[in-house]
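Worksheet: the structure to be examined is printed underneath.
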Amino acid sequence: MRGLSLSRVLNRFLVPVVGSLLVVSASASFAADNYWQTVKDRGTIKVGVLVDWPPYAGSNAQNQPAGYDADVAQLLAKDLGLKLQYVIMTGPNRIPFLLTDKADVLVASLAITPEREKQVQFSIPYSAASMVLLGPANLKLSGPADFPKFKIGVPRASTTDIGVSKVAPEGTKLRRFDDDASALQAMLVGQIDAVGTSSVIAADVQKRFPGKYKVLYVVNEQVMAITMRKDRPELLKVMNQFVKTNVANGEFDKLFKKSLGTPLPQSVVKAAQ
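Residue 90 in numbering that gives the first Met the number 0 sits at position 91 of the sequence shown, with consecutive numbering throughout.
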């Protein structure tokens with residue numbers, strides 16, 4: 000009996016295997032591309048939101064999500080003709096919840112960063128905020144060179160954490176908290192000297208305590224976007240169109256003014272053009 004050549008042996012075993020792998024790969028690609036169809040068939044969209052970052056994301060008297068993010072989530076469900084299911088999250092678990100399909104998308108004030116883009120995909124921005132350091136009006140802190148003199152609090156794994164850490168010199172005493180509310184509370188009761196937060200929250204604190212607190216340093220401006228898993232290209236198209244439409248027709252501007260009292264930031268408007 001003639002022996003089989005190496006090439007014939009490889010062909011006999013590899014062709015069926017490769018064929019099977021191609022079928023599996025195609026099936027996986029089809030499933031990913033059609034996740035938007037899965038959401039439509041379900042009739043409900045699961046939207047991850049925060050409730051600890053007012054006025055962007057808070058809760059109302061009925062303990063339901065409220066603020067700009069919640070309003071955008073409601074508009075999203077309405078425009079898509081779907082029921083809305085809120086998935087309540089904290090800052091650190093937003094991406095883990097998304098990657099484990101506890102939510103279809105996040106409308107959770109998640110800022111676009113290169114590090115996050117390695118894990119998830121972002122729509123065109125729908126929101127923006129400046130990150131600042133807030134502290135007592137008499138605190139002698141004017142820039143990073145002064146950071147080591149004081150205890151500074153930031154929400155763990157937030158863009159404020161990233162921004163402050165990037166410019167903080169050696170010896171800076173950074174304290175990390177689970178969320179914005181915990182970090183702000185620590186500053187108000189004197190556990191820390193200054194806190195990293197949004198300019199909107201800083202303005203609200205200054206309004207509540209006239210003359211007592213001031214913005215000590217502007218860390219950065221960040222833009223936030225609707226967030227999805229990276230294997231959902233069709234869903235990304237839908238979210239981008241939703242954002243473009245509602246920036247152009249002024250709906251986002253109305254919702255932003257309702258919650259924050261200022262027009263939709265120009266960085267968001269320009270990104271949607």
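Cβ coordinates follow ideal geometry from the N, Cα and C atoms, glycine included. Computed from a predicted model, the values in this text were never measured in an experiment.
Asked, Found
"Do you know offhand how far residue 116's Cα is from residue 226's?", "10 Å"
"Considering only the alpha carbon of each residue, which of 109, 92, 132 and 50 lies closest to residue 205?", "132"
"Pull up the distance between the alpha-carbon of residue 68 and that of residue 108, whole angstroms please.", "7 Å"
"Check whether the Cβ atoms of residue 139 and residue 172 lie closer than 8 Å to each other.", "no"
"Taking the straight line between their C-alpha atoms, what separation do you get for residue 71 and residue 251?", "7 Å"
"What is the residue span of the beta strand (DSSP E) that residue 121 lies within?", "119–135"
"State the DSSP-derived secondary structure class of residue 106, mapped to helix, strand or coil.", "coil"
"Taking DSSP's pairing of strands, which residues face residue 83 in a bridge?", "44"
"Could you pull the start and end residues of the beta strand (DSSP E) that residue 221 belongs to?", "212–228"
"Check the Cβ-Cβ distances between residue 36 and every residue of chain B, and say whether any is below 8 Å.", "The question asks about chain B, but that chain is absent: this structure has only one protein chain."
"From the DSSP secondary-structure annotation, give me the bridge partner or partners of residue 75.", "Note: residue 75 sits in no beta bridge, so no partner."
"Just to confirm the assignment: which complete beta strand (DSSP E) runs, minimum length 3, are found wholly within the region 181–210?", "193–197"
"Does residue 157 come out as helix, strand or coil in the three-state DSSP assignment?", "coil"
"Across the region 242–261 and the region 168–183, are there enough close Cβ pairs to call them in contact, namely three or more that are closer than 8 Å?", "no"
"Quick one: what's got a C-beta closer than 8 Å to residue 262's C-beta in the same chain, skipping five residues either side?", "252, 255 and 256"
"Run the CB neighbour count on residue 159, radius 10 Å, all protein chains shown included, and call it buried at 16 or more, exposed below.", "buried"
"Buried or exposed for residue 183, please, with buried defined as at least 16 other CB atoms from any protein chain shown within 10 angstroms of its CB.", "buried"
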